[in-house]
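**Q** I'd like to ask some things about the structure below.
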Ligand SMILES: [Zn+2]
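Residue numbers (my numbering): 68 to 364.
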């Protein structure tokens, strides 16, 4: 049986998302299920997994790819399924001139069961995670903070270049609550990291995530002046074993998922791999495929 853990989301106010409490903070769920077998977690026999609900989900078949062969190695009972790249990007809400757009869910069709993986900050740099992400070809949109990620930007470069078309995006220089800062200081945090990332990785990001999901009008103006087209928030936040949802108790089509580059010290002993395996299990249980955010934004 899966755990239908329900979380109460607070009131959504402009620039101060209730879900910000789960973003880049220390709130994690208990780890009571650590050590349980994957098959028990998903409620299917381990020797002969039942047909995945994803099998008929219309996901792109990548049969024979490393992802298909590797899933068991990483604790999954069915292959990870990926959404095909859409022929056209969906129509996102129009941005106001001079301001970056804000997106927390991709407006896909209600029947298009696709979600998107984003990983934030960059404190944990587990080489085993690089193997997992490469084996499964996970398309990860990274949002890196300079003061924790820069001790080994090479780690994230490997993650970007593993064949998964993962990307590196902006999450400020020092992870402040931008709403407490004046425009000039916000711009320094955003443009400063744009410059660092461009210099290190050869490409100036177009996506930005404000720490804690906290932003205001000045953030959107500053981001735009720094070359950012979209401010990316999220609708579901991965903890240790399960998601916290901004609303409801299940994923919805087009949800952007927030996870973190976190290790055992921040996950009550769980590893980044264990957290990621559970996240993929939760996605599979709910019958979702994984899309590449940049194919839609
Ligand atoms: Zn963060």
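Note that beta-carbon positions come from the ideal geometry of N, C-alpha and C, so glycine has one too.
1. Would you please state the rounded distance, in angstroms, between the beta carbons of residue 147 and residue 347? I believe it to be under 8 Å.
2. For residue 177, does the count of other Cβ atoms within 10 angstroms reach 16, so buried, or fall short, so exposed?
3. Tell me which same chain residues have a C-beta within less than 7 Å of the C-beta of residue 259, skipping the five on either side of it?
4. Counting only the same chain and skipping the five closest in sequence on each side, list residues whose C-beta sits under 6 Å from that of residue 191.
5. With the cut-off set at 9 Å, would you say residue 205 and residue 231 are in Cβ contact?
6. Scan the region 210 to 290 and note each continuous alpha helix (DSSP H) run of 4 residues or more that stays entirely inside, going in chain order.
7. Are residue 275 and residue 251 close, meaning C-beta to C-beta below 9 Å?
8. For a test of your reading of the model: does the CB of residue 276 fall under 8 Å from any non-hydrogen atom of ligand 1? Yes or no.
9. Can you pull the DSSP bridge partners for residue 208?
10. Can you tell me where the alpha helix (DSSP H) holding residue 343 begins and where it ends?
11. Taking 7 Å as the limit between beta carbons, can you name the residues of its chain near residue 349, skipping five residues before and five after?
12. Is residue 261 buried or exposed, if buried means 16 or more other CB atoms sit within 10 Å of its CB?
13. Quick one: what's residue 356 bridged to in DSSP?
14. Taking 8 Å as the cut-off, is the CB of residue 193 close to at least one heavy atom of ligand 1?
15. So is residue 25 buried or exposed if we call it buried at 16+ other beta carbons inside 10 Å?
16. Under a three-way DSSP split, which group does residue 123 fall into?
17. Is it the case that the Cβ atoms of residue 298 and residue 287 are separated by a distance below 9 Å?
18. Measuring alpha carbon to alpha carbon, tell me which of 208, 281, 234 and 225 ends up nearest residue 244.
19. I'd like the span of the beta strand (DSSP E) that includes residue 313, first residue to last.
20. What's the gap between the Cα of residue 139 and the Cα of residue 284?
21. Note down the Cα distance separating residue 145 from residue 197, rounded to an integer number of angstroms.
22. Determine whether the Cβ of residue 189 lies closer than 9 Å to any Cβ atom of chain D.
23. As a quick exercise: from 217, 180, 170 and 307, pick the residue whose alpha carbon is nearest that of residue 151.
24. Please classify residue 154 as buried or exposed, where buried requires at least 16 neighbouring CB atoms within 10 angstroms.
**A** So, from the data block:
1. Indeed they touch by this definition, with Cβ atoms about 6 Å apart.
2. By the neighbour-count rule (16 or more Cβ atoms within 10 Å), residue 177 is not buried but exposed.
3. The residues are 240.
4. Taken in chain order, the residues that qualify are 328, 329, 330 and 339.
5. Result yes, Cβ atoms of residue 205 and residue 231 sit closer than 9 Å.
6. Along the length of the region 210 to 290, whole alpha helix (DSSP H) runs at least 4 residues long occupy 213 to 216, 220 to 227 and 250 to 268, reported in chain order.
7. Between residue 275 and residue 251, the CB-CB gap reaches or exceeds 9 Å.
8. Yes, since a heavy atom of ligand 1 falls inside the 8 Å radius drawn around the Cβ of residue 276.
9. Residue 208 is bridged to 185 and 234.
10. Segment 339 to 352, the alpha helix (DSSP H) holding residue 343.
11. Once the five neighbours on either side are set aside, the close Cβ partners of residue 349 are 309 and 310.
12. It counts as buried.
13. The beta-bridge partner set that DSSP reports for residue 356 consists of 181.
14. Every heavy atom of ligand 1 is 8 Å or more from the Cβ of residue 193, so no.
15. Because the chain here runs from 68 to 364, residue 25 falls outside it and cannot be looked at.
16. Residue placement at residue 123 cannot be trusted, given a pLDDT of 37 that sits under 50; what the coordinates show is reported in the next sentence. Looking at residue 123 - three-state DSSP - the assignment turns out to be helix.
17. Contact: yes.
18. For the residues 208, 281, 234 and 225, the minimum Cα distance to residue 244 belongs to 281.
19. Unbroken run through residue 313: none, as it is neither H nor E.
20. Going from the Cα of residue 139 to the Cα of residue 284 covers about 46 Å.
21. Distance between the alpha carbons of residue 145 and residue 197: 20 Å.
22. This model lacks chain D altogether; it includes just one protein chain.
23. Of 217, 180, 170 and 307, the smallest CA-CA separation from residue 151 is found for 180.
24. Residue 154 counts as exposed, since fewer than 16 other C-beta atoms from the protein chains shown sit within 10 angstroms of its C-beta.
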